[in-house]
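Here's the structure we're looking at; comments come further down.
There are 2 protein chains.
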Amino acid sequence: MNIRDVAKKAKVSTATVSRVMSGVNIVKPETAERVRKAINALSYVPNLSARTLSKGRSHLFGVVISDITNPFFPDLIYTFNELAEQHKYRAVFANTNYSPARMELCIHSLLEQKVEGIAIMTSEMSPNSILMIAERGIPMVFLNEPGPQKNLTNVVVDYKSGMEQAIDHIVGLGHKRIAFIGGPQDLRSAVLRQSIFLKALKEKGIKLDKRRLTSGNHRVDGGYAAMQRLLEQNPRPTAVMTSNDLTAIGAISAIYEAGLQVPRDISVVGFDDIEMSRAYNPALTTVRLSRVDIATRAFFSLYDACNGAGTTVSKRKVKGAADKMVPTQLILRKSTAAPTS
Amino acid sequence: MNIRDVAKKAKVSTATVSRVMSGVNIVKPETAERVRKAINALSYVPNLSARTLSKGRSHLFGVVISDITNPFFPDLIYTFNELAEQHKYRAVFANTNYSPARMELCIHSLLEQKVEGIAIMTSEMSPNSILMIAERGIPMVFLNEPGPQKNLTNVVVDYKSGMEQAIDHIVGLGHKRIAFIGGPQDLRSAVLRQSIFLKALKEKGIKLDKRRLTSGNHRVDGGYAAMQRLLEQNPRPTAVMTSNDLTAIGAISAIYEAGLQVPRDISVVGFDDIEMSRAYNPALTTVRLSRVDIATRAFFSLYDACNGAGTTVSKRKVKGAADKMVPTQLILRKSTAAPTS
DNA sequence: AGCCTATATGCAATCGCTCCCACTTGCCAA
DNA sequence: TTGGCAAGTGGGAGCGATTGCATATAGGCT
């Protein structure tokens, strides 16, 4: 079942069938109708490989993520996918599983598929792969990449603002013994969050006792273990800032397990505002980082690069997206309160 | 940059390059080496569309899901993807957003991509689409589809066993006033869970007061609202069984918000055992439904259908998968306890 | 020397579609 | 009448790979 069968059935040439399907060029309405009837009658579905090969365009974007299981990503994927669909693109996803070696495979697979743009939403990197993309002139977009190079754009998150809001909140409540649980120290985004936190703290003239600076793994168990360590201290911290929500949730588990309560005994602040933060018990005070924003900026960055800056509507959107950082914002919920001296 | 460039550079024909890449047929080692050098030198990546078109095989499976944002799916996708990779397949995902109309689009897209098999892991259905798949002879696998038709397999979950374990646990603790919060009544899987729960209850000679049977939407807010309604009753239930974990989490929020505690005042049991259940506060007693199992069975069901039942290893695995239902199992954690009369 | 086989490689048709170009037809102006 | 133009359609090359078949070469055997 191919375009020739349809052409035969509709008594036209394959060229005409093609024209009817793509909707461009002029086809006499009656002819078009006949073709459409034939398509339905045969329940014909065009072959995407053939079309891609022939046109030399895939209308496909690749998105590289670390791990679909990480609650940070589904929202991102959802939004990206939605936008792609709205703009007649498709999106394919590739998991690196946090491994640069696997990232290389991911990129290779995306290149095989002739994607027209690649969004790299991970921290781990394979410089070699990046090179391969670059030398093909394929547009790329990164997340918080430090040194922006030519030929690629960069979605950058305004971590600082959110961190400052969180610090102001904690300090405003009267906390003095503040701890920080960071993420894995080989994860660039985690290191970035930590350093920005420390810097913001310093700028406010507050100094953090080194013993209160520890780290987990950005998962629940890591937060749990880190908090257990903090709880052994005497005096123990009265407020804990964390590098992501899963860490915060792990920390809260540890606090309850030690017979203490949040926020009565210890206040906890998360980062990311994943779906679960609102539903958690107690609902987590956290810094919201909009995955919808990130996905939107990433998508339009690629879309714009592929479809010339000439367009009007998309142009405006992208311009807006490129101008500003992705904002972050403190969301006050139930996991913070004044210390009960 | 295509196979001809490589051939020219290595001073061989395109046929030889192709043979080197696919690894089949005999190529003189030195020639192969020369070709490999050329491939690297040019950093050539083959064009998948051309390959697919030429071979007439896509090595691609499609997976239809409702919504990537639903925590039920990421695990499923992860596992499916992993298995696909291990078996030299790729997997593409399509979101229906719970809409049969969109499902039609999803299927159309998968057919365009010439997928070799389709796993339909959603409840919503578009009979028309199913027909299109069937008439192409493409293997399908469903999740808990009630009437198994020919030409498709069905992964079925043993809801009953898990429900019975949960009921035994609750009843064994001494609970008399048991409530149930179901899912959306237009979602087949939710209706199934509910009816199996009621049936299991009846079989044990326990009867449920109709007023204690209510439903949410399988999301946190629905569980919250449903629980609020239950809390207005006098006497209120002492144990609540729910149709999924998100519902249970919503219910717990409502209970705490009413100034009560879990499990002291009310016990809550979830269903699914999503990642968050373990980390929730209190950790949720729930019925585990292994997404890994589901994905594994779904994958091998398609894989086997596509690669003849003749293979040995896969055959064994698939046979095992097809024989048994996906088991469910009660996981005891902290959200259940004996009622404090 | 002549023949045969096994091994290694090349030629070219093919997959299903798109799109350039050429062609037909009908209409209007010159 | 004729030329020119626009609208509608068809022919067929080409996209980049795979693969059946033909061919070339080397070595072994009689």
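From first to last, the protein sequence lines are chains A and B.
Each residue of the first sequence is one higher than the last, beginning at -13 in the working numbering.
Each residue of the second sequence is one higher than the last, beginning at -13 in the working numbering.
We treat Cβ as the ideally placed atom computed from N, Cα and C, and that holds for glycine.
query = Measuring CB to CB, does G236/B end up less than 8 Å from G202/B?
reply = Locating residue 236/B in the second sequence gives position 250, counting from the first residue. Locating residue 202/B in the second sequence gives position 216, counting from the first residue. In this structure, G236/B places its C-beta atom within 8 Å of the C-beta atom of G202/B.
query = Which residues does DSSP pair with T200/B in a beta bridge?
reply = Working through the second sequence from its first residue, we reach residue 200/B at position 214. Partner(s): I167/B.
message = Check whether the region 163 to 170 of chain A and the region -13 to -4 of chain B are in contact - that is, three or more C-beta pairs closer than 8 Å.
response = Taking 8 Å as the limit for Cβ pairs, the verdict is that the region -13 to -4 of chain B does not touch the region 163 to 170 of chain A.
Local conformation of R250/A per DSSP, three classes = Counting from one through the first sequence, the residue named residue 250/A turns up at place 264. Coil at R250/A, not helix or strand.
request  = In angstroms with no decimal places, state the Cα-to-Cα distance between D195/B and I317/B.
outcome  = For the purposes of this step, residue 195/B is identified with residue 209 of the second sequence, where counting begins at 1. For the purposes of this step, residue 317/B is identified with residue 331 of the second sequence, where counting begins at 1. About 26 Å.
Neighbourhood of M69/A by C-beta, 6 Å cutoff - its chain only, sequence neighbours within 5 removed = Here residue 69/A corresponds to residue number 83 of the first sequence, with the count starting at 1. A small correction: the amino acid at residue 69/A is Leu; Met does not occupy that position in the sequence shown. Closer than 6 Å at Cβ, skipping near neighbours: F285.
Pairwise C-alpha distance: I106/A and L129/A = Locating residue 129/A in the first sequence gives position 143, counting from the first residue. Locating residue 106/A in the first sequence gives position 120, counting from the first residue. Computed Cα separation, rounded: 7 Å.
query = In or out: P113/A buried (at least 16 other Cβ within 10 Å) or exposed?
reply = Translated into positions along the first sequence, residue 113/A becomes position 127. Its Cβ having fewer than 16 others within 10 Å, P113/A is exposed.
ask   = How about the region 239 to 254 of chain A and the region 25 to 37 of chain A: do they share at least three Cβ pairs that are nearer than 8 Å?
value = Taking a contact to require three or more Cβ pairs closer than 8 Å, the region 239 to 254 of chain A and the region 25 to 37 of chain A do not qualify as touching.
message = Can you find the residues in the same chain that come closer than 6 Å, C-beta to C-beta, to G306/B, ignoring five residues on each side of it along the sequence?
response = Taking the first residue of the second sequence as 1, we reach residue 306/B at position 320. Because G306/B sits at a pLDDT of 40, beneath the cut-off of 50, its placement in the model cannot be relied upon, and the point is left open.
request  = Answer with yes or no whether the minimum CB distance from T38/A to chain B is below 8 Å.
outcome  = Residue 38/A sits at position 52 when you count from the first residue of the first sequence. Chain B, which has a Cβ nearer than 8 Å to the Cβ of T38/A, makes this yes.
message = Between A234/A and L270/A, how many whole angstroms is the CB-CB distance? I'm expecting something under 8 Å.
response = Within the first sequence, the letter at position 248 stands for residue 234/A. Within the first sequence, the letter at position 284 stands for residue 270/A. Right, the Cβ-Cβ distance comes to about 6 Å (below 8 Å), so this counts as a contact.
task = Tell whether a beta-carbon distance below 8 Å holds between P125/B and C292/B.
result = Here residue 125/B refers to the residue found at position 139 when the second sequence is read from its first residue. Here residue 292/B refers to the residue found at position 306 when the second sequence is read from its first residue. Yes. Within cutoff.
inquiry  = List, from N- to C-terminal side, the beta strand (DSSP E) runs of 3 residues or more that fit wholly inside the region 1 to 83 of chain B.
reply    = Runs of the beta strand (DSSP E) spanning 3 or more residues and lying entirely within the region 1 to 83 of chain B occur at 46 to 51, 76 to 81, in chain order.
query = Going by the beta-carbon positions, is the gap between T65/B and V278/B smaller than 8 Å?
reply = Taking the second sequence and counting its residues from 1, one reaches residue 65/B at position 79. Taking the second sequence and counting its residues from 1, one reaches residue 278/B at position 292. Contact: yes.
message = Give me the subset of the region 33 to 64 of chain A whose CB atoms are less than 7 Å from a CB atom of chain B, sorted by chain position.
response = Listed in sequence order: N33, L34, S35, A36, T38, L39, I54, T55, P60, D61, I63, Y64.
task = Decide if A27/A is buried, meaning its Cβ has at least 16 other Cβ atoms within 10 Å, or exposed.
result = Taking the first sequence and counting its residues from 1, the one referred to as residue 27/A is at position 41. By the neighbour-count definition (other C-beta atoms within 10 Å, threshold 16), A27/A is an exposed residue.
ask   = According to the neighbour-count rule (16 or more other Cβ atoms, all chains shown, within 10 Å of its Cβ), is E110/A buried or exposed?
value = Within the first sequence, residue 110/A is the residue found at index 124, counting from 1. Buried.
ask   = Roughly how many whole angstroms lie between the Cα atoms of R283/A and T55/B?
value = Sequence index remark: in the first sequence, residue 283/A carries index 297 (1-based). Sequence index remark: in the second sequence, residue 55/B carries index 69 (1-based). Roughly 19 Å separates the two Cα atoms.
query = Where do the N-terminal and C-terminal ends of the alpha helix (DSSP H) with N114/A fall, by residue?
reply = Within the first sequence, the letter at position 128 stands for residue 114/A. Taken as a continuous stretch (DSSP letters only), the alpha helix (DSSP H) holding N114/A covers 113 to 121.
key: Residues of the region 228 to 241 of chain A with Cβ closer than 8 Å to any Cβ of chain B, in chain order   = Residues passing the 8 Å Cβ filter: L232, I235, G236, I238, S239.
ask   = Is V157/B helix, strand or coil by DSSP?
value = As a first step, residue 157/B is located in the second sequence; it is residue number 171 there, counting from the start. Helix.
query = Can a CB atom of chain A be found closer than 8 Å to the CB of M126/B?
reply = Within the second sequence, the letter at position 140 stands for residue 126/B. It does not; no Cβ of chain A falls within 8 Å.
request  = Give every residue of the same chain whose Cβ lies closer than 6 Å to the Cβ of R328/A, excluding the five residues on either side of it in the sequence, and list them in chain order.
outcome  = Because chain A in this structure spans residues -13 to 327, residue 328/A falls outside the shown range and cannot be described.
message = Suppose only complete runs of 3+ residues qualify. What are the beta strand (DSSP E) ranges in the region 222 to 268 of chain B, listed by chain order?
response = 225 to 228, 253 to 258, all fully within the region 222 to 268 of chain B.
request  = Give the straight-line distance between the Cα atoms of G191/A and A212/A, rounded to the nearest whole angstrom.
outcome  = Here residue 191/A is taken as the residue at index 205 of the first sequence, counted from 1. Here residue 212/A is taken as the residue at index 226 of the first sequence, counted from 1. Taking C-alpha positions only, G191/A is separated from A212/A by approximately 26 Å.
key: Beta-carbon neighbours of Y266/B, restricted to chain A and to distances below 9 Å   = For this step, residue 266/B is matched to residue 280 along the second sequence. The contacting residues are I235, S239, M262, A265, Y266, N267.
query = Which residues of chain A have a Cβ atom closer than 7 Å to the Cβ of Q99/B, listed in chain order?
reply = Along the second sequence, read from residue 1 onward, the residue named residue 99/B stands at position 113. Residues of chain A whose Cβ lies closer than 7 Å to the Cβ of Q99/B are, in chain order, L34.
inquiry  = By the 7 Å beta-carbon criterion, what residues does the region 104 to 119 of chain A contribute toward chain B?
reply    = Against chain B - using a Cβ distance shorter than 7 Å - the residues of the region 104 to 119 of chain A are M118.
task = Round the Cβ separation of A240/B and Q214/B to the nearest angstrom and send it over; I've been treating them as touching at under 8 Å.
result = What you label residue 240/B is simply residue 254 of the second sequence in a count that begins at 1. What you label residue 214/B is simply residue 228 of the second sequence in a count that begins at 1. Correct: roughly 5 Å between the Cβ atoms.
query = In chain B, what lies closer than 9 Å to E121/A by C-beta?
reply = Within the first sequence, numbered from 1, the residue matching residue 121/A stands at position 135. Contacts between E121/A and chain B, judged by CB atoms closer than 9 Å, involve S29 in chain order.
ask   = Which same chain residues, not among the five before or five after I104/B, have their C-beta less than 8 Å away from its C-beta?
value = On the second sequence, residue 104/B is found 118 positions in, with the first residue counted as 1. Only residues of its own chain outside the window of five on either side were considered, and among them F47, G48, V49, V50, I93, L96, I119, I124, P125, M126, V127, L288 have a CB closer than 8 Å to the CB of I104/B, listed in chain order.
inquiry  = In the DSSP assignment, the beta strand (DSSP E) including L138/A goes from what residue to what residue?
reply    = Residue mapping note: residue 138/A aligns to position 152 of the first sequence, counting from 1. Here the beta strand (DSSP E) through L138/A covers 138 to 141.
request  = Can you have a look at E261/A and say buried or exposed, based on whether 16 or more other CB atoms are within 10 angstroms of its CB?
outcome  = Numbered from 1 along the first sequence, position 275 holds the residue referred to as residue 261/A. With 16 or more other Cβ atoms from the protein chains shown falling within 10 Å of its own Cβ, E261/A counts as buried.
key: Contacting residues, own chain, Cβ-Cβ under 6 Å from I(-11)/A (five flanking each side not counted)   = Residue numbering aside, residue -11/A sits at position 3 when the first sequence is read from its first letter. Take I(-11)/A, set aside five residues on each side of it, and the residues of its chain with a beta-carbon closer than 6 Å to its own are T0, V3, in chain order.
request  = Determine, using beta carbons only, whether I182/B and Y145/B come nearer to each other than 8 Å.
outcome  = On the second sequence, position 196 is the one that residue 182/B refers to. On the second sequence, position 159 is the one that residue 145/B refers to. For the 8 Å CB-CB criterion, I182/B and Y145/B form a contact.
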